[in-house]
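Numbering (the UniProt record's numbering), first residue to last: 1 to 467.
(1) Taking the CB atoms as reference points, tell me whether residue 51 and residue 99 lie closer together than 8 Å.
(2) If residue 70 sits next to residue 6, beta carbons under 8 Å apart, how far is it from one beta carbon to the other, in whole angstroms?
(3) For residue 442, is the classification buried or exposed, using 16 other Cβ atoms within 10 angstroms of its Cβ as the cut-off for buried?
(4) For residue 399, report the span of its alpha helix (DSSP H) as first-last.
(5) According to the neighbour-count rule (16 or more other Cβ atoms, all chains shown, within 10 Å of its Cβ), is residue 155 buried or exposed?
(6) Is the segment 19-27 close to the segment 174-185, with three or more CB pairs under 8 Å?
(7) Output yes or no for whether 8 Å exceeds the beta carbon distance between residue 144 and residue 136.
(8) Note down the Cα distance separating residue 226 from residue 298, rounded to an integer number of angstroms.
(9) Residue 215: buried (16+ other C-beta within 10 angstroms of its C-beta) or exposed?
(10) Using beta-carbon positions only, say whether residue 121 and residue 419 come within less than 8 Å of one another.
(11) Return the CA-CA distance between residue 94 and residue 14, expressed in angstroms with no decimal places.
(12) Indicate the three-state DSSP secondary structure (helix, strand or coil) for residue 284 in the structure shown.
(13) Look at the Cβ atom of residue 255, then the Cβ atom of residue 284, and state whether they are nearer than 8 Å.
(14) Buried or exposed: where does residue 432 fall if 16 or more other Cβ atoms within 10 Å of its Cβ makes it buried?
(15) For residue 210, which residues of its own chain have a beta-carbon under 6 Å away from its beta-carbon, when the five flanking residues on both sides are left out?
(16) Decide yes or no for the touch test of the segment 275-284 against the segment 258-267: beta carbon pairs closer than 8 Å, at least 3 of them.
(17) If you draw a straight line from the alpha carbon of residue 331 to that of residue 250, how long is it in whole angstroms?
(18) Compare the C-beta of residue 366 against all C-beta atoms of chain B and say whether one is closer than 8 Å.
(19) Alpha carbons only, please: which of 445, 287 and 308 is nearest the one belonging to residue 125?
(20) Any idea what DSSP makes of residue 223, helix, strand or coil?
(21) Using the DSSP secondary-structure output, state which residues sit across from residue 443 in a beta bridge.
(22) Beta carbon of residue 391, beta carbon of residue 309: below 8 Å?
(23) What residues are listed by DSSP as bridge partners for residue 31?
(24) Restricting to runs no shorter than 3 residues, where is the beta strand (DSSP E) found entirely within the segment 275-361?
(25) Should residue 329 go down as buried or exposed, given a rule of 16 or more other Cβ atoms within 10 Å for buried?
(26) Terminal residues of the continuous alpha helix (DSSP H) containing residue 235?
(27) Any idea what DSSP makes of residue 267, helix, strand or coil?
(28) So, residue 176 versus residue 228, is the Cβ gap smaller than 8 Å?
(29) Assuming residue 198 is part of the alpha helix (DSSP H), what are its boundary residues?
(30) Give me the Cα-Cα distance between residue 79 and residue 440, rounded to the nearest whole angstrom.
(31) Which of the three DSSP states, helix, strand or coil, is assigned to residue 474?
(32) What residue range does the beta strand (DSSP E) around residue 5 cover?
(33) Which two residues bound the contiguous beta strand (DSSP E) that contains residue 71?
(34) Give the DSSP-derived three-state secondary structure of residue 461 in the structure shown.
Given below as structure tokens:
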């Protein structure tokens, strides 16, 4: 079989474990689900022990008979949440990125000096590590007193696999709201100001740094294990964007990312700025109501995907004012939404089912266009990825709405492949694969009617925000 690495991608609701060859071939893979629980309104939690059980189950399936060929382990994981632990044991359920209970704690960040807020280079969100940790300090002081560390989800998982002290990496640390992004360090002054113990914050090492595995299920001891990175950083590592190219990933949410070599302080940022796994940074705008909104529309109208995309085959009637607001769930960028603001507008006697479906697809495309506009620099082209871009008609709509040419990404399972790259790096091997470029270039069409509908979408959003 030759040299392989075990790639671990810790998602929000499932873990993917894959055996990847040095040429980038995914030889085996499996996904193991676990629940996200919401014991109270706005909470999102998972017991880390469920991650460990999922990991052991997935490793047993993927490594069966292949243990001798594995030269390293690479991993990535969901970002922003927090695990509070002592030793290798989590002291309470992990608090995850969709969790909104720390909304009040954001006032602590808003009260910081302008220069300190600017060094975060990120907008404030309640589901990030820092505000969640501040909430724990106020509401669960006894648990905080017992804690030896606070970490991101993937760092707790790696601690189950590797020896040595618990550490993190810059890609996750920069997404905590406790990290000086331009300075590349924990912000001790900020931590003290918001009541976070600095001794809980783990050392940050480069994502490809090699640690040593300890026996875990079928995984033997003595293998190099990468420190790992956040999931978006892993995706970028595998995708290999060209200069000036932005990645548009359309899944449950939307991620629009563009790599940059500079992290600028920003007191009122319009996008996220996080560290990359290979050095440098990336800008990201991530509207959450992408495929999530389309899934809700499909359920409401009982529509199959073929019917949804077929709605793009015909133009709306001249003068149609049908528009859709997709905010079923809270959102933060490029607009701040509390959720529960979804619905159609401008329906008339002549409105058809296809009009409703098309308006929903256009709302997703308009969110992508707004996200592109929120980036510090306008890209020159797009790379389209994710399940929401599989239909050619949707890819064309995205290009038309943004007004930029695009290619479809040829990299499948990019996040797991990014983790695999880190695994080979930790093992001292260069992965022997390149990213093939899609030859077809999708050119945008100038459609004045689509431009008018985007203006209507933006106007409705502005009205809603003023209410």
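From the three backbone atoms N, C-alpha and C, an ideal C-beta is built for every residue, glycine too. Since the model is a prediction, treat every value here as computed from it, not as a measurement.
With the structure as the only source:
(1) No, these two residues do not count as a Cβ contact at 8 Å.
(2) At roughly 5 Å, the Cβ-Cβ gap stays under 8 Å, so residue 70 and residue 6 are in contact.
(3) Result: buried.
(4) Here the alpha helix (DSSP H) through residue 399 covers 392-402.
(5) Under this definition residue 155 is a buried residue.
(6) Flag = no, the segment 19-27 and the segment 174-185 do not touch.
(7) The answer is yes: Cβ separation under 8 Å.
(8) Approximately 40 Å, taken between the alpha carbons.
(9) The residue is exposed, with fewer than 16 neighbouring Cβ atoms inside 10 Å.
(10) It is not a contact, given that the beta carbons lie outside the stated cut-off.
(11) Here the C-alpha atom of residue 94 lies approximately 14 Å from the C-alpha atom of residue 14.
(12) When DSSP states are grouped into helix, strand and coil, residue 284 belongs to the strand group.
(13) Closer than 8 Å, so yes.
(14) Residue burial annotation: residue 432 is exposed, with fewer than 16 other C-beta atoms found within 10 angstroms of its C-beta.
(15) If you ignore the 5 residues before and after residue 210, its C-beta comes within less than 6 Å of the C-beta of 224 and 426, all in its own chain and listed in chain order.
(16) Judged by Cβ distances under 8 Å, the segment 275-284 makes contact with the segment 258-267, as three or more pairs qualify.
(17) Taking the straight line joining both Cα atoms gives about 15 Å.
(18) Annotation note: the requested chain B is absent from the structure, which comprises a single protein chain.
(19) When only C-alpha atoms are compared, the closest one is 287.
(20) DSSP, read as helix, strand or coil, puts residue 223 in coil.
(21) Paired residues: none, contrary to the question.
(22) Yes; because the gap between Cβ atoms is below 8 Å, this pair is in contact.
(23) DSSP output for residue 31 lists 16 as bridge partner(s).
(24) Runs of the beta strand (DSSP E) inside the segment 275-361: 281-285, 323-325 and 343-345.
(25) With 16 or more neighbouring CB atoms inside 10 Å of its own CB, residue 329 falls in the buried class.
(26) Segment 231-239, the alpha helix (DSSP H) holding residue 235.
(27) Residue state, collapsed to three classes: coil.
(28) No; because the gap between Cβ atoms is not below 8 Å, this pair is not in contact.
(29) Where residue 198 is concerned, there is no enclosing alpha helix (DSSP H), given that its DSSP letter is neither H nor E.
(30) Spanning the two alpha carbons is a distance of roughly 33 Å.
(31) As shown, the chain starts at 1 and ends at 467. That puts residue 474 outside it, with no answer to give.
(32) Unbroken beta strand (DSSP E) run through residue 5: 4-10.
(33) Run containing residue 71: 70-77, per the beta strand (DSSP E) assignment.
(34) It is helical.
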